[in-house]
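Line order of the protein sequences matches chains Z and U. Residue numbers for the first sequence follow the UniProt record's numbering, so the first one is 1 and each next one is one higher. Residue numbers for the second sequence follow the UniProt record's numbering, so the first one is 1 and each next one is one higher. Note that beta-carbon positions come from the ideal geometry of N, C-alpha and C, so glycine has one too. See below for the structure under consideration.
There are 2 protein chains.
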Amino acid sequence: MSKGSAKVLSFWSSMFGLRVHYALDLKGVSYEYQEENLFNKSKELLEANPIYAKIPVLIHNGKPICESLIIVDYIDSVWPNPHKLLPEDPYKKAVARFWADFGDRKVYDAGSRLIRATTEEERKKASEDLKWALMKLDEALDTIAPGKPFFGGDSMNFADVALAPFICWFKGYQKVGGFVLPGPEELPNLHKWVNAVKSVEAIRKSTPSLDKVAEFAEVIRKRAIGSA
Amino acid sequence: MSKGSAKVLSFWSSMFGLRVHYALDLKGVSYEYQEENLFNKSKELLEANPIYAKIPVLIHNGKPICESLIIVDYIDSVWPNPHKLLPEDPYKKAVARFWADFGDRKVYDAGSRLIRATTEEERKKASEDLKWALMKLDEALDTIAPGKPFFGGDSMNFADVALAPFICWFKGYQKVGGFVLPGPEELPNLHKWVNAVKSVEAIRKSTPSLDKVAEFAEVIRKRAIGSA
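Laid out in structure tokens, this is it:
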């Protein structure tokens with residue numbers, strides 16, 4: 001499985017960083033990990049990602065790859081086995097990319113606004129947007145993979161890896177943003193998906209404690225509202 | 001070259017839409033075109049892209065593909081010949097994706113703010129950001145393809161197709177946003193790239209008139225500042 005040295009620069013609770021861990025762990029690739037201090041970034045990170053100065057970065061054989069979905073795509077090309085993430089079929093591949101991108105545009109965006117909301121109006125809007133996004137994911141699962149647990153059918157694919165990191169933030173969304181995740185009667189496919197993702201060994205391995213993530217969400221909130 | 005029916009729903013001056021035209025035209029794929037009225041979208045568009053209700057959409061054999069970069073990726077998978085856009089090498093592919101994505105995040109974003117600026121401060125900031133983005137593209141060309149005209153070296157690749165649509169907006173940025181494109185002495189690689197892109201037959205074929213785009217930029221501006 002070795003194809004040279006791989007190193008990940010990231011931050012433990014980053015949804016974007018978790019995508020990289022999940023992809024590498026699903027492939028069984030061993031790698032070095034470097035935790036970044038986001039308020040005092042390492043010289044290595046600044047040199048590896050001079051455009052955005054953001055985690056995650058994968059450094060593979062000395063070459064930096066930036067942007068989480070591009071990194072997951074790269075990982076899938078370099079280590080196609082034993083678990084291919086991007087479908088071969090062009091349409092299925094486009095669908096997987098679409099829902100991965102939806103994670104950034106809609107799920108992450110709404111969750112981020114929820115945690116940082118400074119007024120009840122902002123909080124309510126973000127909460128509604130997050131609920132809408134989760135309903136769309138529930139519908140998409142039913143359309144793309146009816147009766148199956150994952151976007152990828154019986155196993156996780158590119159969309160699953162992109163979206164799975166949001167799961168460990170739900171407790172934070174609840175504690176900090178007052179978001180109530182609708183139950184299985186309202187979002188049956190999403191709940192089935194969450195349970196299926198949580199049962200994957202490679203995912204469990206890299207997922208931080210939900211309580212720790214919720215505490216960190218509180219830290220972000222305090223900074224956002226200027227009380228920290 | 002035929003692999004079933006292809007139809008593009010788009011809007012003539014959309015940078016995102018132009019990517020789809022450029023990719024199909026570089027491949028020599030024939031397709032039907034449907035111009036959308038963005039203020040009165042067709043039922044077909046709303047059904048094909050229920051999540052975002054946005055152009056461009058490619059409908060291939062009855063199946064809709066949404067989001068311009070995902071569409072270009074799809075086109076490259078379905079019609080890999082005679083002009084492959086995504087490099088086979090995983091690192092080169094990641095680099096091409098990175099700069100395509102940079103187009104959305106930095107070039108489009110700055111240009112959009114420039115046209116819609118309602119204060120001189122906003123206009124100046126957007127203008128500086130756009131200049132910065134173009135400088136980064138100039139540097140990137142020199143790093144990725146030294147001495148070559150395109151991000152793809154001797155021919156256009158995924159990054160070139162993603163970034164080429166910005167070229168026909170420069171006149172609009174200038175007329176509406178007062179943006180002065182730095183000359184070849186300051187951005188030698190970018191100017192070489194612009195000239196090379198403009199000389200590609202498939203690009204010329206689909207590129208709208210610069211004056212018409214500039215007029216349309218004025219329309220957007222008037223709507224943005226509330227005087228239309």
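Through-space distance from residue j to residue i, alpha-carbon basis
| i | j | result |
| --- | --- | --- |
| Leu187(Z) | Phe150(Z) | 14 Å |
| Glu47(Z) | Gly178(Z) | 39 Å |
| Ile220(Z) | Thr119(Z) | 15 Å |
| Leu18(U) | Lys205(Z) | 43 Å |
| Pro146(Z) | Trp99(U) | 36 Å |
| Trp132(U) | Glu128(Z) | 36 Å |
| Ala140(Z) | Ala94(Z) | 14 Å |
| Ala23(Z) | Ser209(Z) | 19 Å |
| Val180(Z) | Gln174(Z) | 6 Å |
| Ser13(U) | Trp193(Z) | 40 Å |
| Lys171(U) | Lys125(U) | 19 Å |
| Asn61(U) | Gly28(U) | 17 Å |
| Glu88(U) | Leu69(U) | 17 Å |
| Leu190(Z) | Arg105(U) | 30 Å |
| Pro182(Z) | Ala217(Z) | 20 Å |
| Asp101(Z) | Ile115(Z) | 21 Å |
| Asn49(U) | Lys41(U) | 11 Å |
| Asp138(U) | Phe16(U) | 21 Å |
| Lys198(U) | Glu67(U) | 24 Å |
| Met156(U) | Gln34(Z) | 36 Å |
| Pro80(Z) | Pro90(U) | 11 Å |
| Ala214(Z) | Lys222(U) | 45 Å |
| Asp109(U) | Ala117(U) | 12 Å |
| Arg113(U) | Lys148(Z) | 43 Å |
| Val20(Z) | Trp169(Z) | 17 Å |
| Glu36(Z) | Phe11(Z) | 6 Å |
| Ser30(U) | Ser5(Z) | 45 Å |
| Leu45(U) | Lys54(Z) | 36 Å |
| Thr207(Z) | Thr207(U) | 47 Å |
| Lys92(U) | Lys92(Z) | 23 Å |
| Val107(U) | Tyr74(U) | 23 Å |
| Gly152(Z) | Val176(U) | 46 Å |
| Ile65(U) | Ile65(Z) | 27 Å |
Assigned exposure category for residue i - 16 Cβ within 10 Å defines buried
| i | result |
| --- | --- |
| residue 256(Z) | Outside the displayed span of chain Z (1 to 228) sits residue 256(Z), for which this structure offers no information. |
| Pro82(Z) | exposed |
| Leu38(Z) | exposed |
| Asp211(Z) | exposed |
| Pro143(Z) | Inspection of the sequence shows that residue 143(Z) is occupied by Thr rather than by Pro. Exposed: under 16 other Cβ atoms inside 10 Å. |
| Pro184(U) | exposed |
| Asp154(U) | exposed |
| Ile225(Z) | exposed |
| Met1(U) | Any reading at Met1(U) must be qualified, since the residue scores a pLDDT of 48, below 50, and its modelled position is unreliable; no value is offered. |
| Lys43(U) | exposed |
| Glu122(U) | exposed |
| Tyr52(U) | exposed |
Bridge partner(s) assigned by DSSP for residue i
| i | result |
| --- | --- |
| Val8(Z) | Tyr33(Z) and Leu58(Z) |
| Ala64(Z) | The amino acid at residue 64(Z) is misidentified as Ala; the sequence shows Pro. In DSSP, Pro64(Z) forms a bridge with Ile59(Z). |
| Gly153(Z) | Phe150(Z) |
Rounded distance between the beta-carbons of residue j and residue i, thought under 8 Å
| i | j | result |
| --- | --- | --- |
| Leu26(U) | Ala202(U) | 5 Å |
| Val78(Z) | Lys3(Z) | 6 Å |
| Pro56(U) | Leu85(U) | About 16 Å separates the two Cβ atoms, so there is no contact after all. |
| Ala96(U) | Phe158(U) | 4 Å |
| Lys7(Z) | Glu32(Z) | 4 Å |
| Val72(U) | Val200(U) | Actually they do not touch by this definition, with Cβ atoms about 15 Å apart. |
| Leu130(Z) | Gly111(Z) | 6 Å |
| Leu163(Z) | Gly103(Z) | 5 Å |
Closer than 7 Å: residue i CB and nearest the ligand COA heavy atom
| i | result |
| --- | --- |
| Lys43(Z) | Here there are no bound small molecules, and the ligand COA is not part of this structure. |
Which full runs of the alpha helix (DSSP H) of 4+ residues lie inside the region 191-228 of chain Z, going along the chain?
201-206 and 210-224
Kindly provide the ranges of any alpha helix (DSSP H) runs that are 4 or more residues long and lie completely inside the region 113-141 of chain U, ordered along the chain.
Within the region 113-141 of chain U, there are no complete alpha helix (DSSP H) runs of at least 4 residues.
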